[in-house]
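Chains H and Y, in that order, give the protein sequences.
Note that numbering that gives the first Met the number 0 has the first sequence beginning at 0, numbered continuously upward.
Note that numbering that gives the first Met the number 0 has the second sequence beginning at 0, numbered continuously upward.
Heads up, the beta-carbon is just placed ideally off N, CA and C, and yes, glycines get one too.
The structure presented is a predicted model; accordingly, all values stated were derived computationally and were not measured.
As structure tokens, the structure follows; a few thoughts come after it.
2 protein chains.
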Amino acid sequence: MRSLCSSLGTAEAGSTVTLEGWVHRRRQLARVTFLVVRDRSGLAQVVLPAGAAVPAEETTVRVTGTATRNPQAPGGTEVTDATVLALTEDAATPPAELWRPDLDVSLPTLLDHAPVLWRHPAQRARWELAAASLRGFRATLDGLGFTEVTTPKIVGTATESGAKVFPVDWFGREAYLAQSPQFYKQQLVGVFERVYEVGPVFRAEPHDTVRHLAEYRSLDVELGFIEDHRDVLAVLRDVLAGMVDAVRAEEQAVSRTGASLPVVPDEVPVIHFRDALALVGAPADEPDLAPEHERAVSAWALAEHGSDLVAVEGQPLAKRPFYTHPWSRDGAGAPARATERSSNSFDLLFRGLELVTGGQRLHRVSDYERAIRARGEDPATYDAYLQAFRHGMPPHGGFAIGLERWVGRLVGAANVREVTLFPRDLNRLAP
Amino acid sequence: MRSLCSSLGTAEAGSTVTLEGWVHRRRQLARVTFLVVRDRSGLAQVVLPAGAAVPAEETTVRVTGTATRNPQAPGGTEVTDATVLALTEDAATPPAELWRPDLDVSLPTLLDHAPVLWRHPAQRARWELAAASLRGFRATLDGLGFTEVTTPKIVGTATESGAKVFPVDWFGREAYLAQSPQFYKQQLVGVFERVYEVGPVFRAEPHDTVRHLAEYRSLDVELGFIEDHRDVLAVLRDVLAGMVDAVRAEEQAVSRTGASLPVVPDEVPVIHFRDALALVGAPADEPDLAPEHERAVSAWALAEHGSDLVAVEGQPLAKRPFYTHPWSRDGAGAPARATERSSNSFDLLFRGLELVTGGQRLHRVSDYERAIRARGEDPATYDAYLQAFRHGMPPHGGFAIGLERWVGRLVGAANVREVTLFPRDLNRLAP
Chain H
0 MRSLCSSLGT AEAGSTVTLE GWVHRRRQLA RVTFLVVRDR SGLAQVVLPA GAAVPAEETT
60 VRVTGTATRN PQAPGGTEVT DATVLALTED AATPPAELWR PDLDVSLPTL LDHAPVLWRH
120 PAQRARWELA AASLRGFRAT LDGLGFTEVT TPKIVGTATE SGAKVFPVDW FGREAYLAQS
180 PQFYKQQLVG VFERVYEVGP VFRAEPHDTV RHLAEYRSLD VELGFIEDHR DVLAVLRDVL
240 AGMVDAVRAE EQAVSRTGAS LPVVPDEVPV IHFRDALALV GAPADEPDLA PEHERAVSAW
300 ALAEHGSDLV AVEGQPLAKR PFYTHPWSRD GAGAPARATE RSSNSFDLLF RGLELVTGGQ
360 RLHRVSDYER AIRARGEDPA TYDAYLQAFR HGMPPHGGFA IGLERWVGRL VGAANVREVT
420 LFPRDLNRLA P
Chain Y
0 MRSLCSSLGT AEAGSTVTLE GWVHRRRQLA RVTFLVVRDR SGLAQVVLPA GAAVPAEETT
60 VRVTGTATRN PQAPGGTEVT DATVLALTED AATPPAELWR PDLDVSLPTL LDHAPVLWRH
120 PAQRARWELA AASLRGFRAT LDGLGFTEVT TPKIVGTATE SGAKVFPVDW FGREAYLAQS
180 PQFYKQQLVG VFERVYEVGP VFRAEPHDTV RHLAEYRSLD VELGFIEDHR DVLAVLRDVL
240 AGMVDAVRAE EQAVSRTGAS LPVVPDEVPV IHFRDALALV GAPADEPDLA PEHERAVSAW
300 ALAEHGSDLV AVEGQPLAKR PFYTHPWSRD GAGAPARATE RSSNSFDLLF RGLELVTGGQ
360 RLHRVSDYER AIRARGEDPA TYDAYLQAFR HGMPPHGGFA IGLERWVGRL VGAANVREVT
420 LFPRDLNRLA P
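Written as structure tokens, this is what we have:
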């Protein structure tokens with residue numbers, strides 16, 4: 000019966016225990032040999048005679064011996080009088096010493112040797128925060144009456160937005176990898192009212208930046224019967240709070256990564272796009288916030304509202320996808336706005352970086368037909384998508400969170416590739 | 000403040016309530032007009048004067064009126080003195096009457112009109128069982144110390160198995176859609192010991208059968224430090240029990256779909272492949288169980304063990320992928336077996352259909368190199384994959400469950416397409 004390393008402290012002193020794991024470190028001293036075993040739960044120390052043969056680091060082993068209290072050992076208990084059985088041939092030397100507290104390697108080395116270097120406890124902990132985030136995301140939405148859905152990643156037409164697509168040879172026909180589940184999650188609001196999906200999305204944009212991947216995980220949410228985008232933002236707030244709670248519960252991983260968790264306020268501060276432009280001193284006709292503007296808006300939210308999160312709403316309609324709902328809120332107390340140019344959209348900034356895009360969508364089929372024609376396109380091209388709207392859809396909206404960006408911000412990674420298990424980009428298709 | 004249809008019964012009689020949903024049915028009688036509203040929770044009846052204008056079926060509406068007890072109404076409460084506000088123009092007539100108890104349409108109609116026909120309560124309930132299954136799958140594995148992972152769906156080489164692959168144009172280079180996360184989940188056992196992933200897999204096999212899709216959802220599990228494939232089967236048993244429990248909790252959906260839930264025995268009955276061949280009267284040198292043999296083995300398990308589930312183990316090694324571990328169990332009490340020809344594999348049959356494939360994998364890098372060379376291939380081709388093995392891997396194994404087949408069996412669907420939200424196959428890329 001195997002004991003986990005983390006539970007060794009609960010074994011009766013003097014009892015026989017069996018550990019299974021990797022040789023994390025071996026130290027041959029003059030009078031004793033130490034073997035540190037690593038398993039999914041943590042580390043344990045095994046004491047062997049001086050000169051004992053010990054398998055190479057990273058070899059998998061089964062260790063049987065006596066649980067012995069020793070305040071110097073990790074967890075206060077070590078294994079003595081041990082026999083060590085290697086489960087394979089000796090492992091090759093890793094590209095970095097995994098037992099050192101910090102994994103100090105270049106990004107290319109990290110990525111080329113991902114299968115091995117993710118074993119480093121501090122690196123592995125970064126993904127444990129990703130897994131916890133997924134758990135918190137789903138638990139929150141399940142509690143709010145959402146239904147998980149899965150939508151096709153191969154689509155017959157490439158019409159959703161400006162993002163470039165990857166062509167697929169589909170039994171001799173040209174198809175495309177889905178850039179997002181947008182059209183499908185909207186159609187499924189017609190079925191379930193409230194849906195979410197965690198899945199891969201594919202963007203063939205030849206960006207080589209620290210924040211873009213060609214394949215990433217999108218946490219997609221869509222809900223019906225809303226008043227406007229502020230209802231969507233309220234759900235986003237709850238989702239982020241649930242994700243942070245789930246991450247916080249992973250105490251060991253939070254500590255190993257040095258992650259700094261945001262306090263999620265009861266209400267996320269919101270600033271209108273135009274007010275944000277004025278705040279950062281940008282011209283009033285700028286169509287976008289530049290990265291330095293996003294950082295300045297985040298700094299403002301932190302100073303004024305004590306919040307790591309801030310939503311910018313009301314982006315110019317012309318800069319949003321065709322299905323975006325125009326601005327519909329009265330500017331009570333706010334500067335008058337030209338409603339025809341603004342939209343019921345928002346971007347959520349997390350410590351200076353755009354993390355989430357969301358908003359209200361159109362819901363009348365006549366509005367869709369007009370918006371599609373205004374792009375110079377034929378509504379017939381969108382026939383499958385528009386079917387849902389012809390047959391009755393509620394006012395609705397949603398958002399998408401990029402998992403890698405979220406985790407990257409939590410742990411302060413300089414590049415999203417550092418928190419992606421096997422990243423895909425312009426240059427990388429392996430490992 | 001909106002009330003859900005299902006909670007109308009808890010509203011104080013005489014209080015004002017607001018419902019939001021779809022016009023499920025309208026009935027103009029001589030003395031009264033009935034409007035049935037459908038939302039994500041269920042149905043509610045609204046009583047209007049004879050001749051009242053009511054939006055077309057499937058139009059979304061907001062209804063405000065008085066909660067009035069009426070034992071004849073669904074849930075014992077209806078809405079009277081109501082005003083009905085349509086949220087869009089009148090909806091187009093659906094391709095089938097969604098208010099009828101059964102959705103009696105042909106498969107092509109169902110698939111062509113998926114965005115609308117999934118709204119039918121009995122059809123929607125099928126997906127609700129899929130969503131519950133996913134919940135039960137993850138909750139069980141989270142409880143067993145597994146870590147959720149995400150692996151790339153675009154890969155640079157197409158080497159895993161015989162299944163045909165879809166080529167992708169990746170920034171001008173040829174890449175492929177992943178046929179399974181097999182190689183990645185194994186590498187991640189080296190990191191996390193126990194991993195799972197729910198994701199799309201892509202099979203370019205030009206089958207046009209009732210049980211194959213070109214894109215489907217694979218529920219993948221892999222775990223380290225096992226004795227052999229029977230440890231994998233024990234985890235599979237717990238996972239299926241967790242999925243059935245989660246499905247059972249969806250009482251309304253179970254009842255609407257008429258799903259028949261299997262009793263998951265504490266231990267799934269296991270029969271060796273050769274004994275299965277003998278049992279069904281097939282020649283001893285058959286390399287596979289034919290579909291009628293699978294049905295016969297399932298019938299035997301039900302008769303002998305009262306189980307809807309049965310595992311067939313020890314398939315011929317030559318018929319399994321190159322990473323399969325050879326047979327290593329003593330045949331205590333069982334017929335002697337030629338160990339070199341049998342494998343530590345299993346297939347799980349669920350009511351006559353293969354639902355899960357699993358087994359133990361090789362774990363020594365030298366075994367991989369030998370197995371790859373035996374296929375006439377160069378181990379260098381598998382360099383990224385073999386990296387994990389060179390640097391130390393435990394004995395491990397895993398399995399994959401096809402979500403659509405699972406749900407299809409639960410509800411007795413004749414074709415997996417009936418339980419897939421937007422299926423993709425040889426002929427279908429839309430909606």
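Of the listed residues the options, nearest to residue i (C-alpha basis)
i        : options                                   : result
Y:VAL209 : Y:ALA12, Y:PRO290, Y:ASP111 and Y:ALA387  : Y:PRO290
H:ARG234 : H:GLN251, H:VAL263, H:ALA213 and H:VAL60  : The displayed chain sequence assigns Val, not Arg, to residue 234 of chain H. Nearest C-alpha to H:VAL234: H:VAL263.
Y:PRO320 : Y:SER297, Y:HIS292 and Y:GLY357           : Y:GLY357
Y:ARG416 : Y:ASP366, Y:THR108 and Y:LEU97            : Y:THR108
H:GLY223 : H:ALA387, H:THR32 and H:ALA51             : H:ALA387
Y:ARG172 : Y:GLU11, Y:VAL164 and Y:GLY155            : Y:GLY155
Y:ARG216 : H:ALA51, H:VAL197, H:LEU97 and H:GLN178   : H:VAL197
H:ASN69  : H:VAL83, H:VAL46, H:ALA51 and H:ALA52     : H:VAL46
Y:PRO261 : Y:VAL243, Y:VAL267, Y:GLN251 and Y:PRO268 : Y:VAL243
Y:THR250 : Y:LEU361, Y:GLN359, Y:ARG125 and Y:GLY50  : This sequence places Glu at residue 250 of chain Y; Thr is not what is there. Taking only the C-alpha atoms, the option nearest Y:GLU250 is Y:ARG125.
H:LEU232 : H:GLY41, H:PHE398 and H:LEU7              : H:PHE398
7 Å Cβ cutoff met for residue i and residue j
i        : j        : result
Y:ARG478 : Y:GLY351 : Lying before the first or after the last residue shown, residue 478 of chain Y is absent from chain Y, which here runs from 0 to 430.
Y:HIS112 : Y:PRO94  : yes
Y:PRO422 : Y:LEU212 : yes
H:VAL246 : H:SER132 : yes
H:THR15  : H:ARG1   : no
H:THR150 : H:VAL194 : no
H:VAL167 : Y:PHE170 : no
H:LEU143 : H:HIS119 : no
H:CYS4   : H:ALA43  : yes
H:VAL311 : H:ALA281 : no
CA-to-CA distance, residue j to residue i, given in whole angstroms
i        : j        : result
Y:ARG30  : H:VAL355 : 52 Å
Y:ASN426 : H:TYR175 : 15 Å
H:GLU285 : H:GLY313 : 13 Å
Y:HIS324 : H:ASP38  : 23 Å
H:SER341 : H:ILE225 : 19 Å
Y:ASP28  : Y:THR79  : Note that residue 28 of chain Y is Leu in the sequence shown, not Asp. Taking the straight line joining both Cα atoms gives about 16 Å.
Y:VAL35  : Y:ILE400 : 39 Å
H:PRO378 : Y:ASP307 : 49 Å
Y:HIS390 : Y:LEU128 : 41 Å
H:THR87  : H:PRO54  : 9 Å
Y:VAL148 : Y:THR380 : 25 Å
Y:GLN185 : Y:THR9   : 52 Å
Y:TYR183 : Y:TYR384 : 8 Å
Y:HIS292 : H:PRO199 : 38 Å
H:ALA121 : Y:GLU403 : 37 Å
H:LEU106 : H:ALA413 : 10 Å
Y:THR59  : H:MET392 : 6 Å
Y:GLU204 : H:ALA317 : 43 Å
Y:ASP265 : Y:ASP237 : 8 Å
H:ALA429 : Y:GLU221 : 21 Å
H:HIS23  : H:LEU84  : 15 Å
Y:ALA240 : Y:PHE136 : 9 Å
Y:GLU192 : H:ALA248 : 20 Å
Residue i: contacting residues in chain C (beta-carbon distance under 7 Å)
i        : result
H:TYR183 : Given the protein chain composition of this structure (H and Y), no chain C is represented.
message: What are the residues in the region 338-370 of chain Y lying within 8 Å of chain H by C-beta distance?
response: HIS362, ARG363, VAL364 and SER365
query: What residues in the region 216-234 of chain H bring their beta carbon closer than 9 Å to a beta carbon of chain Y?
result: ARG216, GLY223 and PHE224
query: Closer than 7 Å, Cβ to any Cβ of chain H: which residues of the region 378-406 of chain Y, in chain order?
result: ALA383, GLN386, ALA387, ARG389, HIS390, GLY391, MET392, PRO393 and PRO394
- request: Scan the region 120-206 of chain H and note each continuous alpha helix (DSSP H) run of 4 residues or more that stays entirely inside, going in chain order.
  value: 120-142 and 181-191
task: Could you please tell me which residues of the region 199-210 of chain H, in chain order, have their CB closer than 9 Å to any CB of chain Y?
output: PRO199, PHE201, ALA203 and PRO205
query: Unbroken alpha helix (DSSP H) runs of length 4 or more, entirely within the region 208-291 of chain H: which are they?
result: 228-247, 250-256 and 272-278
- prompt: What residues in the region 38-65 of chain Y bring their beta carbon closer than 7 Å to a beta carbon of chain H?
  reply: ASP38, ARG39, GLU57, THR58 and THR59
message: Along the region 159-180 of chain H, where does the CB come closer than 9 Å to a CB of chain Y? Name the residues.
response: PHE165, PRO166, VAL167, ASP168, TRP169, PHE170, ARG172, ALA174 and LEU176
message: Report the start-end ranges of each alpha helix (DSSP H) in the region 357-396 of chain Y that is 4 residues or longer and not cut off at the edges.
response: 364-373 and 382-389
- prompt: Taking any Cβ of chain Y, which residues in the region 82-102 of chain H have a Cβ under 7 Å from it, in chain order?
  reply: LEU86, THR87, GLU88, ALA90, ALA91 and PRO93
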